[in-house]
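Structure first, commentary second.
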Amino acid sequence: MEKHEDVQYCFQDGNSSCRKALLSTSIYITLYIFFSLISAVTVFLNLLVIISISHFKQLHTPTNLLILSLAVSDLLVGLIVIPVTTEAVMEQCWDFGEYFCVFQIYVTFLCTTLSLGNLVLISIDRYVAVCDPLLYHSKITITRIMCCISITWCCCIIYRATIIKNFVNVQVPSRCLNECFIAEGSIWVNIIDLVITMIVPCSIIITLYMKIFVVARSQARNVFSKEAAIIIGFLPLVNSLINPIIYAFFYPWFKVTAKHILTLKMFNKYSHLLMISKVVLQSLI
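Going by this note's numbering, the sequence shown wraps up at 315, each residue one higher than the last.
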């Protein structure tokens, strides 16, 4: 019985209350600092991408609009998902109420679905660019891309709003009070959800990029920068941090625009008309 003397509960009713997480102070602080840094860097880097594409007119291309959409969903991960998920994992006691618990689970699922949805659109864009380049500009227009992005966001928001009830507000007798957790729900709903939000999108992405590699290899093209999106998106949460880092390595425009933003040159008059491609070429000479 002595082993239970140090047990701490979320509130006084020990029979139904969750136990507090017992971590050493050093581990506790280290983990919080680590996840806080990931969250801050994720927000910072994705803001750079969003500002770059939004501000500089030359970057208003169909492909970059898709990257912008992906960066917005990644920004939500850094702003909401990582901080709240860290709190839910580190602290067994959930003090933010049932509605915010539902909200954080909803946003977590939504951002994952949005990321894969954006990656599907990017893979389609790259497939047309590489496999059907002569018709690319007639098929892939800014108007069509904006419509596709809007439809993707609306479908993801509505779908997740209807499916979220399967994962929350489920009575689980073995669980304690003051805890925010994802319930298993209906097994059939879980299977359907897995197929719709994971298996189908990943299958489309993998299939299209396999065709891209075959065509690119047969034509001996250098698709190093064009196909950077192949690498993007296969690591949940951390993916949101990795994406803008990939841009920095594979897309020359990101380095140029990031420099202008960080040095505040973007506030100069007509900075939005900067010929980024010309600056990139000059840096290579």
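C-beta: ideal position from N, C-alpha, C; glycine also.
Own chain residues within Cβ distance below 7 Å of residue i, not counting five before or after
{"i": "Ile187", "result": "Leu140"}
{"i": "Ile175", "result": "Pro92, Leu95, Leu96"}
{"i": "His302", "result": "His85, Phe86, Lys87"}
{"i": "Leu238", "result": "Ser153, Ile154, Tyr157"}
{"i": "Gly108", "result": "Ser69, Thr72, Val73, Asn76, Ser270"}
{"i": "Glu257", "result": "Residue placement at Glu257 cannot be trusted, given a pLDDT of 44 that sits under 50; the coordinates are not used to answer."}
Residue i versus residue j - alpha carbon distance
{"i": "Met240", "j": "Glu128", "result": "44 Å"}
{"i": "Leu271", "j": "Thr142", "result": "13 Å"}
{"i": "Ile68", "j": "Leu294", "result": "24 Å"}
{"i": "Leu106", "j": "Ile59", "result": "24 Å"}
{"i": "Ile236", "j": "Ala288", "result": "31 Å"}
{"i": "Ile112", "j": "Thr72", "result": "9 Å"}
{"i": "Phe280", "j": "Asn94", "result": "13 Å"}
{"i": "Pro282", "j": "Ile275", "result": "12 Å"}
{"i": "Ile110", "j": "Asp104", "result": "10 Å"}
{"i": "Tyr8", "j": "Thr116", "result": "Absent from the model: residue 8. The displayed extent of the chain is 31 to 315, so no value can be given."}
{"i": "Val219", "j": "Tyr136", "result": "16 Å"}
{"i": "Phe65", "j": "Val132", "result": "22 Å"}
{"i": "Leu126", "j": "Ala191", "result": "Note that residue 126 corresponds to Phe in the displayed sequence, not to Leu. Taking the straight line joining both Cα atoms gives about 20 Å."}
{"i": "Arg247", "j": "Val114", "result": "44 Å"}
{"i": "Met228", "j": "Thr182", "result": "15 Å"}
{"i": "Ile291", "j": "Lys285", "result": "10 Å"}
{"i": "Ile57", "j": "Thr138", "result": "25 Å"}
{"i": "Thr55", "j": "Phe74", "result": "28 Å"}
{"i": "Phe243", "j": "Ser168", "result": "23 Å"}
{"i": "Arg156", "j": "Pro163", "result": "10 Å"}
{"i": "Ile193", "j": "Ser180", "result": "20 Å"}
{"i": "Met120", "j": "Phe130", "result": "17 Å"}
Presumed contact (8 Å Cβ cut-off) between residue i and residue j, rounded CB distance
{"i": "Cys185", "j": "Leu151", "result": "The Cβ separation is near 12 Å, so there is no contact."}
{"i": "Ile170", "j": "Pro92", "result": "5 Å"}
{"i": "Ala118", "j": "Gln134", "result": "7 Å"}
{"i": "Asn148", "j": "Leu96", "result": "6 Å"}
{"i": "Ile80", "j": "Leu98", "result": "6 Å"}
{"i": "Cys161", "j": "Val245", "result": "5 Å"}
{"i": "Ile222", "j": "Ser153", "result": "With 8 Å as the limit, Ile222 and Ser153 do not qualify as a contact, their Cβ atoms being about 23 Å apart."}
Chain-order list of residues whose beta-carbon lies under 6 Å from that of residue i (same chain, five-residue window excluded)
{"i": "Tyr189", "result": "none"}
{"i": "Asn76", "result": "Ala101, Asp104, Leu105, Pro274"}
{"i": "Phe297", "result": "none"}
{"i": "Leu146", "result": "Pro231"}
{"i": "Leu144", "result": "Ser103, Cys186"}
Own chain, CB closer than 8 Å to residue i, minus 5 neighbours either side, in chain order
{"i": "His90", "result": "Ile83, Ile172"}
{"i": "Leu165", "result": "Val158"}
{"i": "Lys299", "result": "none"}
{"i": "Ser255", "result": "Summary for Ser255: the model assigns pLDDT 47, below 50, so the residue's position carries little reliability; its value from the coordinates is reported in the next sentence. Cβ neighbours of Ser255 beyond the five flanking positions: Phe280, Tyr281, Pro282."}
Within-8 Å CB hit, residue i to chain D
{"i": "Lys241", "result": "Absent from the structure is chain D; it holds one protein chain and no more."}
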